[in-house]
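S.K.: For the sequence shown, this note's numbering begins at 560 and goes up steadily by one. All C-beta atoms in this analysis are idealised placements derived from N, C-alpha and C, irrespective of residue type, glycine included. The structure displayed is predicted, hence computed values, not measured ones. Take this structure first; my questions come after.
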Amino acid sequence: MRLNYDPRRVMRALFSSTLLFILSFGFSLNASGEALHPDRKQVISSQVIANLLRQYHYNHQRINDRVSSEWLDLYLDRLDRHRLYFLASDIAQFEKYRYLLDDYIRSGNMDPPFLIFNTFKVRLSQRVNFVQKQLDRGFDFSIDETYQIDRSKEPWVESVRELDEIWRKKLKNEALNLKLSGRDWAAVQKNLRKRYTNFQKRIEQYNTEDVFQLFMNALAETFDPHTSYFSPITSENFGIDMSLSFEGIGAQLTTEDDYTKVVRILPGGPADRSKQLWANDKIVGVAQGEHGEMVDVIGMRLDDVVQKIRGPKGTVVRLEVIPAGSPAGSPTKEISLVRDKVILEERAAKSDTIELVHQGRKYKIGVIDVPAFYVDL
Numbered sequence: 560m561r562l563n564y565d566p567r568r569v570m571r572a573l574f575s576s577t578l579l580f581i582l583s584f585g586f587s588l589n590a591s592g593e594a595l596h597p598d599r600k601q602v603i604s605s606q607v608i609a610n611l612l613r614q615y616h617y618n619h620q621r622i623n624d625r626v627s628s629e630w631l632d633l634y635l636d637r638l639d640r641h642r643l644y645f646l647a648s649d650i651a652q653f654e655k656y657r658y659l660l661d662d663y664i665r666s667g668n669m670d671p672p673f674l675i676f677n678t679f680k681v682r683l684s685q686r687v688n689f690v691q692k693q694l695d696r697g698f699d700f701s702i703d704e705t706y707q708i709d710r711s712k713e714p715w716v717e718s719v720r721e722l723d724e725i726w727r728k729k730l731k732n733e734a735l736n737l738k739l740s741g742r743d744w745a746a747v748q749k750n751l752r753k754r755y756t757n758f759q760k761r762i763e764q765y766n767t768e769d770v771f772q773l774f775m776n777a778l779a780e781t782f783d784p785h786t787s788y789f790s791p792i793t794s795e796n797f798g799i800d801m802s803l804s805f806e807g808i809g810a811q812l813t814t815e816d817d818y819t820k821v822v823r824i825l826p827g828g829p830a831d832r833s834k835q836l837w838a839n840d841k842i843v844g845v846a847q848g849e850h851g852e853m854v855d856v857i858g859m860r861l862d863d864v865v866q867k868i869r870g871p872k873g874t875v876v877r878l879e880v881i882p883a884g885s886p887a888g889s890p891t892k893e894i895s896l897v898r899d900k901v902i903l904e905e906r907a908a909k910s911d912t913i914e915l916v917h918q919g920r921k922y923k924i925g926v927i928d929v930p931a932f933y934v935d936l
């Protein structure tokens, strides 16, 4: 393992009250619905992170039983803050870890957070199945009922039947809000089905690094609410935010259904200069270099698509695109772009002068607009 750790760099990043850990190795991915498991690299990195926190965090907190207990609570809170998925029986099983997480991280046991997350995925699947059935049954809006939206302080639910009743009221409240906005029942059903199936899909696309980041962030938060662990991808995005530049094609992307959609083309970037890629185009394939194999990216999570499109300045990336506004079944087109450095100019500081008249005298006032704080680390 090679660890890119520079204490001076960490100290420069402390102005944001965020402790930045950059681990240079890759992590195994799993974007399917299968159970996730830690790999050896995450076991090693968890020990490195724990040591860095103990040695370099300003409060020099020991990772002991007290921290272990808070760590478990914070991790569960990140997964199920409003206690809508886990049952009390699940929590009872997790309680065996309450005062052991500190021991596990020293010994290299990273199984507990993954077992907890895999249980969450099972419970989520059960809830989404309930949503589909309840929307088929509908609701009686003539009956007055109440639903407590913030359940973060409520006890964990004992039975599936009790949880079903909470979810029935939750869905009824959401359906009522949609009806009050003018939607008919068919539109309400469609909206809620899509809402929960999309949420399930996002969770199913979590990989081992996502779970690892959730768990290590929970540990970091026990030291200070503003302390965070950055995964390699999160670290890269943080670097872009700090330097206001990256190497790629210069396009802002989003996910729409199973497609990666272009939101806008950034001025001055390779995509803008090429006049081949436009807003609302859909990217369905990505290939590296002049002769690389075209990889289908339909249904792929956005982070993974972005990682395939970004790359070193001067390298070629080929995209398979469905042009904006094309009818269903239209042929795709292939475009080739040379990556370059893209400057996020709209987020950079700007200066201007304005002229004011006060009591017959003219004054020139300097104005500095700082949309975001940044520094090239």
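Ends of the beta strand (DSSP E) at V843?
M.R.: To locate residue 843, count along the sequence shown from 1; it is residue 284. Looking at the DSSP string, the run of the beta strand (DSSP E) that includes V843 is K841 to Q847.
S.K.: Relative to the alpha-carbon of F789, which residue among T781, F782 and F771 has its alpha-carbon at the smallest distance?
M.R.: Mapped onto the sequence shown, residue 789 falls at position 230. The shortest C-alpha separation from F789 is found at F771.
S.K.: Between the Cα of E905 and those of G925, P930, T912 and P829, spot the shortest distance and give me the residue it belongs to.
M.R.: On the sequence shown, position 346 is the one that residue 905 refers to. It is P930.
S.K.: Identify whether K731 lies in helix, strand or coil by the three-state DSSP scheme.
M.R.: The count along the sequence shown starts at 1 and reaches residue 731 at position 172. If DSSP states are grouped into helix, strand and coil, K731 belongs with the helices.
S.K.: Identify every residue that forms a DSSP beta bridge with I913.
M.R.: Taking the first residue of the sequence shown as 1, we reach residue 913 at position 354. According to DSSP, I913 bridges with I924.
S.K.: So, with DSSP's three-state summary, where would you put Q707?
M.R.: Numbered from its first residue, the sequence shown carries residue 707 at position 148. Note: Q707 maps to coil in three-state DSSP.
S.K.: Which parts of the segment 852-924 are runs of the alpha helix (DSSP H), unbroken and 4 residues or longer, counting only runs that do not cross its ends?
M.R.: You should have 861-868.
S.K.: Taking the C-alpha atoms as reference points, what is the distance between Y922 and R832?
M.R.: The residue given as residue 922 occupies position 363 in the sequence shown. The residue given as residue 832 occupies position 273 in the sequence shown. For Y922 and R832, the distance between alpha carbons rounds to 41 Å.
S.K.: With DSSP run on the structure shown, which of helix, strand or coil describes E780?
M.R.: Residue 780 sits at position 221 when you count from the first residue of the sequence shown. Three-state result, E780: helix.
S.K.: Tell me, please, whether the segment 646-663 touches the segment 686-701 by the rule of three or more beta-carbon pairs shorter than 8 Å.
M.R.: The segment 646-663 is not in contact with the segment 686-701.
S.K.: Label Q764 either buried or exposed according to how many other C-beta atoms from any shown protein chain fall within 10 Å of its C-beta, with 16 as the threshold for buried.
M.R.: If you number the sequence shown from 1, residue 764 lands on position 205. The residue in question, Q764, is buried, as its Cβ has 16 or more Cβ neighbours within 10 Å.
S.K.: Beta-carbon within less than 7 Å of R869's beta-carbon, same chain only, minus the 5 sequence neighbours each way: which residues are those?
M.R.: The sequence position of residue 869 within the sequence shown is 310, counting from 1. Excluding residues within five positions, the ones whose Cβ falls inside 7 Å are F805, E806 and G807.
S.K.: Where K867 and A745 are concerned, what is the direct C-alpha to C-alpha distance, given to the nearest angstrom?
M.R.: As a first step, residue 867 is located in the sequence shown; it is residue number 308 there, counting from the start. As a first step, residue 745 is located in the sequence shown; it is residue number 186 there, counting from the start. So the alpha carbons of these two residues sit roughly 38 Å apart.
S.K.: In three-state DSSP terms, what is V821?
M.R.: By 1-based counting over the sequence shown, the position of residue 821 is 262. If DSSP states are grouped into helix, strand and coil, V821 belongs with the strands.
S.K.: Whole angstroms are fine: how far does the CA of E768 sit from the CA of R754?
M.R.: By 1-based counting over the sequence shown, the position of residue 754 is 195. By 1-based counting over the sequence shown, the position of residue 768 is 209. Each residue's alpha carbon lies about 25 Å from the other.
S.K.: Can R742 and I725 be called in contact, C-beta distance under 9 Å?
M.R.: Position 183 of the sequence shown holds residue 742. Position 166 of the sequence shown holds residue 725. For R742 and I725, no; Cβs fall outside 9 Å.
S.K.: Within the chosen definition, does the segment 909-918 reach the segment 835-843 through at least 3 CB pairs nearer than 8 Å?
M.R.: In short, these stretches do not touch, since the Cβ pair count stays below three.
S.K.: Report the three-state DSSP secondary structure of T814 (helix, strand or coil).
M.R.: By one-based count along the sequence shown, residue 814 stands at place 255. It is a strand residue.
S.K.: Based on Cα-Cα distance, which residue from D598, L595 and I622 lies nearest to I608?
M.R.: Position 49 of the sequence shown, counting from 1, holds the residue named residue 608. Looking at the Cα atoms, I622 is the closest of the given residues.
S.K.: Keeping to the same chain, check which residues put their C-beta closer than 7 Å to that of M669; ignore five residues upstream and five downstream.
M.R.: Here the question's residue 669 lines up with position 110 in the sequence shown. Excluding residues within five positions, the ones whose Cβ falls inside 7 Å are P597, Q601, V602 and S605.
S.K.: Any chance the segment 784-799 sits against the segment 715-723, with 3 or more Cβ pairs inside 8 Å?
M.R.: The segment 784-799, when compared against the segment 715-723, does not touch it at the 8 Å Cβ threshold.
S.K.: Could you give the C-beta distance for V843 and I857, rounded to a whole number, given that I count them as a contact under 8 Å?
M.R.: On the sequence shown, position 284 is the one that residue 843 refers to. On the sequence shown, position 298 is the one that residue 857 refers to. Their Cβ separation, rounded to whole angstroms, is 5 Å, which keeps V843 and I857 in contact under 8 Å.
S.K.: Tell whether a beta-carbon distance below 9 Å holds between W715 and A810.
M.R.: Looking up residue 715 in the sequence shown gives position 156. Looking up residue 810 in the sequence shown gives position 251. Contact flag unset, no.
S.K.: Could you give the distance in angstroms between the alpha-carbon of S787 and the alpha-carbon of Q918?
M.R.: Start at 1 with the first residue of the sequence shown, and residue 787 comes out as number 228. Start at 1 with the first residue of the sequence shown, and residue 918 comes out as number 359. Their Cα atoms are separated by approximately 52 Å.
S.K.: Along the chain, where does the alpha helix (DSSP H) containing E629 start, and where does it finish?
M.R.: Translated into the one-based positions of the sequence shown, residue 629 becomes position 70. Where E629 is concerned, the enclosing alpha helix (DSSP H) stretches over D624 to D639.
S.K.: With a threshold of 16 other CB atoms inside 10 Å of the CB of E879, please say whether the residue is buried or exposed.
M.R.: For the purposes of this step, residue 879 is taken as residue 320 along the sequence shown, with counting starting at 1. So E879 ends up on the buried side.
S.K.: By DSSP, does F676 sit in helix, in strand, or in coil?
M.R.: The residue labelled residue 676 in the question sits at position 117 within the sequence shown. Helix, per DSSP.
S.K.: Would you list the residues sitting across from S804 in a DSSP beta bridge?
M.R.: Start at 1 with the first residue of the sequence shown, and residue 804 comes out as number 245. According to DSSP, S804 bridges with I902.
S.K.: Pick from R898, L812, V926 and V687: whose alpha carbon is nearest that of G828?
M.R.: Translated into the one-based positions of the sequence shown, residue 828 becomes position 269. The candidate whose alpha carbon is nearest that of G828 is R898.
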